[in-house]
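K.L.:
One structure follows; several queries about it will come next.
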Amino acid sequence: MEKRNIWSEPCEVRFSAIDKSDTMTLDAAFHFFQEAAISHAENLGVGREAMARTNQVWLLSRMSVQIDRRPQYGEMVTVRTWPRGWEKLFALRDFDIRDAEDKPAVRARSCWVIIDLEKRRPLRPHSIMDIMPHNDGLDALPSAPGLAENVSLEKKSELRALYTDLDYNGHVNNVSYIRWIENIIDPALLENARRMRLDINYMNEILPGELTGIWCAPIALQPAATTPAAAMPDMPVPLHAYAFEGKKEPNKLAAFRAELRLW
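As structure tokens, then:
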């Protein structure tokens, strides 16, 4: 198979990818991007089996997904992804979902680390990234400043990592975190949102059976508090914004931190 600088695959927005609004959910967008990234890694020769031969694995570290328009049920879209070089220990990968008119409805950026499975430590990605296309300047989504600090969070739920939360690597899958976040928000807010953005940092893996507390609080919508919006000049101040943290029990070790904005 010919190696591709940019991976592209047609997809239909199926029933499992929508909510009551008849449009794509946030977790469905993360799922589409996960599958495209896996397919492209295989195409480039750095997929699961190739990495396993050197006792390495890709792990998602950070991701930002912005839905500018929610694709509708039955709509045919094109999911694209491409690597974009590296920064320090992080390999960069961008994504978009384009409609029939070739306009991006969803855009995303992500950072990945390569983990030595024996030592459970990150490796510098240079040796692998040097043989991959860099697609310099092809940025799908502007980067956002760091997540808000000093937000007073309230514990909303406790979840145990169960079979359906896990993936091939034996820990909670990145999409499961998004579902956990969605499930503590008023469903009506998600159903009525026309645009969304989620920024999430994956910090410590959650293993089977581990208990995680999900903490959440609204973010004040003053301009100084809406830092990702400052990186999105085409986006107005959101109608709703929330900060999240997943803390492993009982030691309160942070598993993830995230911010969600709804328009």
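Be aware that the sequence shown starts at 1484, since it is given in our numbering, and climbs by one per residue. The beta carbon of each residue, even a glycine, is placed where N, CA and C say it ideally should be. These numbers were taken from a predicted model, which means no experiment stands behind them.
Quick check on this structure: which residue in Pro1701, Thr1508 and Thr1537 has the alpha carbon closest to the alpha carbon of Glu1632?
P.N.:
If you number the sequence shown from 1, residue 1632 lands on position 149. In terms of CA proximity to Glu1632, Pro1701 leads the group Pro1701, Thr1508 and Thr1537.
K.L.:
Determine the contact status of Asp1502 and Val1658, defining contact as a CB-CB distance below 8 Å.
P.N.:
Residue numbering aside, residue 1502 sits at position 19 when the sequence shown is read from its first letter. Residue numbering aside, residue 1658 sits at position 175 when the sequence shown is read from its first letter. The answer is no: Cβ separation not under 8 Å.
K.L.:
Could you check which residue in Met1484, Arg1740 and Val1589 has the C-alpha nearest to that of Thr1564?
P.N.:
Here the question's residue 1564 lines up with position 81 in the sequence shown. When only C-alpha atoms are compared, the closest one is Val1589.
K.L.:
Please go through the same chain and pick out, in chain order, the residues whose beta-carbon is closer than 8 Å to the beta-carbon of Ser1522, but skip the five residues on each side of it.
P.N.:
By 1-based counting over the sequence shown, the position of residue 1522 is 39. If we look at Ser1522 and ignore the five residues flanking it on each side, its Cβ neighbours are Trp1490 and Glu1492.
K.L.:
Can Leu1462 and Pro1721 be called in contact, C-beta distance under 8 Å?
P.N.:
Residue 1462 lies beyond the range of the chain shown here (1484 to 1746); nothing can be said about it.
K.L.:
Alpha carbon to alpha carbon, how far is Tyr1660 from Arg1497? Give it in angstroms, no decimals.
P.N.:
Mapped onto the sequence shown, residue 1497 falls at position 14. Mapped onto the sequence shown, residue 1660 falls at position 177. Their Cα atoms are separated by approximately 21 Å.
K.L.:
Can you tell me which of Lys1571, Ile1697, Glu1601 and Glu1688 puts its alpha carbon nearest to the alpha carbon of Leu1636?
P.N.:
For the purposes of this step, residue 1636 is taken as the residue at position 153 of the sequence shown. Minimum Cα distance to Leu1636 is reached at Ile1697.
K.L.:
Would you kindly report the start and end of the unbroken beta strand (DSSP E) that includes Ile1697?
P.N.:
The count along the sequence shown starts at 1 and reaches residue 1697 at position 214. Here the beta strand (DSSP E) through Ile1697 covers Leu1694 to Pro1701.
K.L.:
In whole angstroms, what is the alpha-carbon distance linking Ala1741 and Trp1595?
P.N.:
In the sequence shown, residue 1741 corresponds to position 258, counting from 1. In the sequence shown, residue 1595 corresponds to position 112, counting from 1. Cα to Cα, the separation comes out at about 16 Å.
K.L.:
On the DSSP letters alone, give me the boundaries of the beta strand (DSSP E) that Ser1640 sits inside.
P.N.:
Within the sequence shown, the letter at position 157 stands for residue 1640. Where Ser1640 is concerned, the enclosing beta strand (DSSP E) stretches over Glu1637 to Arg1643.
K.L.:
Considering only the alpha carbon of each residue, which of Tyr1556, Pro1587, Asp1585 and Ser1593 lies closest to Leu1572?
P.N.:
If you number the sequence shown from 1, residue 1572 lands on position 89. It is Ser1593.
K.L.:
With distances taken between CB atoms, is the gap from Gln1549 to Arg1680 smaller than 8 Å?
P.N.:
Start at 1 with the first residue of the sequence shown, and residue 1549 comes out as number 66. Start at 1 with the first residue of the sequence shown, and residue 1680 comes out as number 197. Yes, Cβ-Cβ distance for Gln1549 and Arg1680 is below 8 Å.
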